[in-house]
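These protein sequence lines are chains Z and W, in that order.
Each residue of the first sequence is one higher than the last, beginning at 1 in my numbering.
Each residue of the second sequence is one higher than the last, beginning at 201 in my numbering.
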Amino acid sequence: MVEQLSQDYAGQPVLFLEHDVDDPTLSARQWRWWNAFGGGSVILPMVMVDSGNHISNGPEDFDTKYRAMVDASLARDPQAEIVASGQRSGDALHFDVQVTNRSGVTLGSSNGSTVWAIVYEEYAAPGPGRLTNRFVRVVASTSVSPDLAPDATRAFTLGTPALSGVNWGGLRAIVLVDYRPAGSSGAYDMLQAASVSVTQ
Amino acid sequence: MSECTNHKECRAEPLRTKPYRPALRLWVVASSLVFLLIVVFGLTLTRAARAFEVENQAPYAPGAPSPADGATDVSLNPVLTWSGGDPDGDLVTYTVAFGAGTPPPVVTTITGTAYAPTSLITGTHYYWQVGASDGLSQTVGSVWSFTTTTTAPTVVYLPLVLRNYPSAVTPRLVIFEAFMRDT
């Protein structure tokens with residue numbers, strides 16, 4: 001299903017990623033969404049676009065719902081500029097990220113603004129036990145603090161823990177910046193994301 | 201020879217002779233015929249030419265100018281139009297003269313009845329004249345004139361909203377994250 005969507009959206013700026021919901025190393029992004037969601041029952045598969053601005057969980061008309069979520073996001077404007085690079089350091093990865101805030105609002109700790117790096121492996125075909133060709137291996141994040149005013153630019157650095165059992169040749173990464181439009185509560189929303197080339 | 205009864209009566213009569221020239225007579229007759237044919241042919245040509253001259257009529261004189269003759273406050277991008285045509289339906293070409301001086305210089309020859317001058321200047325008196333030709337006859341219209349507006353054109357700068365400024369370089373990248381359990 002997800003791979004079919006990936007093929008259908010080939011050539012468009014959409015990246016389909018698969019998280020292992022049981023992997024504790026990925027819990028940061030998963031649990032942050034959970035807390036923003038307010039808890040309660042969530043039925044797999046749980047899917048989110050724009051850091052949780054659009055979600056789907058449980059049995060649905062997946063094709064229709066997922067396409068609607070992606071199309072809605074594609075129709076939006078980016079609200080940040082991101083320039084990033086990644087470098088392997090031992091078995092860890094180090095990212096230098098420059099963010100320019102084009103959202104028109106001040107980004108900071110008061111609205112949960114965060115810069116993320118998501119590292120994933122890309123396969124030619126789904127691996128054993130996998131459902132898609134892009135499986136997330138590790139995530140790293142850092143808060144936007146102090147505040148980043150509209151049109152201001154700041155550099156961030158992110159580092160991952162040491163990775164083991166990964167196919168280094170197939171590692172890819174993205175960085176993104178998101179925040180909570182409503183302030184200290186409500187769903188998060190992504191401002192922009194960017195692919196990162198990783199130098200090994 | 202008559203028989204005479206006396207001397208007086210018996211005078212000798214001179215012998216009258218006429219030279220017999222059949223070739224000369226034929227030449228005279230032929231020449232007369234040729235002359236007659238030439239005269240008839242010439243008269244026919246002359247009559248045909250006169251008939252032709254009568255049948256071709258000159259194009260109508262260009263008229264109904266727009267902007268009207270003497271118009272003022274004309275925009276800097278006018279389209280000059282006029283009425284024309286030919287009573288015989290012949291194709292008419294129009295020679296347009298246009299300029300700030302008089303007589304205006306010829307600027308173009310066209311088959312339509314409209315001309316758009318360019319690079320006009322505010323508050324300037326312009327003259328223009330149109331000549332019509334059907335290839336045989338020509339009719340020249342009057343010299344018309346108009347004066348351009350004295351108001352400089354207002355340039356309206358619409359606000360350019362760069363709402364999607366970053367996307368001009370980098371489009372929004374959509375991240376679709378599926379949280380799944382290994383099978």
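The beta carbon of each residue, even a glycine, is placed where N, CA and C say it ideally should be.
Relative to the Cα of W:Asp-290, the nearest Cα in the group W:Leu-336, W:Glu-377, W:Val-374 belongs to W:Leu-336. Between W:Ile-375 and Z:Met-1, the beta carbon gap of about 17 Å keeps them out of contact (Cβ cut-off 8 Å).
Straight through space, the alpha carbons of W:Ala-261 and W:Pro-267 are spaced by roughly 17 Å. Using a CB distance cut-off of 7 Å, Z:Leu-107 does not count as an interface residue toward chain W. Residue pairing of W:Met-380 in beta bridges, as defined by DSSP: Z:Asp-20. Residue range 189-196 is occupied by the beta strand (DSSP E) that includes Z:Ala-193. Taking all protein chains in view, the Cβ of W:Arg-225 is surrounded by fewer than 16 other Cβ atoms within 10 Å, so the residue is classified as exposed.
A straight-line Cα-Cα distance of about 17 Å links Z:Asp-77 and Z:Arg-180. Around the C-beta of Z:Glu-60, fewer than 16 other C-beta atoms lie within 10 Å, and the residue is accordingly described as exposed. Within the segment 149-182 of chain Z, contact with chain W at the beta-carbon level (separation under 8 Å) is assigned to Ile-174, Leu-176. In terms of Cα proximity to W:Val-340, the closest of W:Thr-302, W:His-325, W:Ala-297, W:Ile-321 is W:Ala-297. Under the 7 Å criterion on CB atoms, Z:Ala-68 is classed as non-interfacial with respect to chain W. At a cut-off of 7 Å, the C-beta of Z:Met-1 has no neighbouring C-beta in chain W. Proximity of W:Leu-373 to chain Z, defined by a Cβ-Cβ separation below 7 Å, is satisfied. Residue pairing of Z:Met-46 in beta bridges, as defined by DSSP: Z:Asn-57, W:Phe-379.
Unbroken alpha helix (DSSP H) runs of no fewer than 4 residues, entirely contained in the segment 256-327 of chain W, are not found. What W:Ala-378 touches in chain Z, judged by beta-carbon distance under 8 Å, is Val-2, Phe-16, Leu-17, Glu-18, His-19, Pro-45, Met-46, Val-47, Leu-131, Thr-132, going in chain order. At a cut-off of 7 Å, the C-beta of Z:Leu-93 has no neighbouring C-beta in chain W. Distance check between W:Ala-332 and each of W:Leu-373, W:Val-292, W:Ser-319, W:Ala-314 places W:Val-292 closest, using alpha-carbon atoms only.
Residue pairing by DSSP places W:Trp-344 opposite W:Trp-328 in a beta bridge. Under the three-state reduction of DSSP, W:Ser-232 is assigned to helix. For Z:Gly-90, the secondary structure class from DSSP, reduced to helix, strand or coil, is coil.
Using a Cβ distance threshold of 7 Å, Z:Ala-80 and Z:Val-177 count as a contacting pair. Take the alpha-carbon of W:Leu-237 and the one of W:Asn-256: they are about 29 Å apart. The Cβ atoms of Z:Leu-131 and Z:Thr-142 do not sit closer than 7 Å to each other.
In this chain, the beta strand (DSSP E) harbouring Z:Val-115 covers 114-122. Between Z:Arg-29 and Z:Val-139, the CB-CB gap stays under 7 Å. A distance below 7 Å separates the beta carbons of W:Thr-313 and W:Gly-284. DSSP places Z:Gln-7 in the helix class (H, G or I) of the three-state scheme. Straight-line measurement puts the Cα of W:Ile-321 at about 9 Å from the Cα of W:Ser-275.
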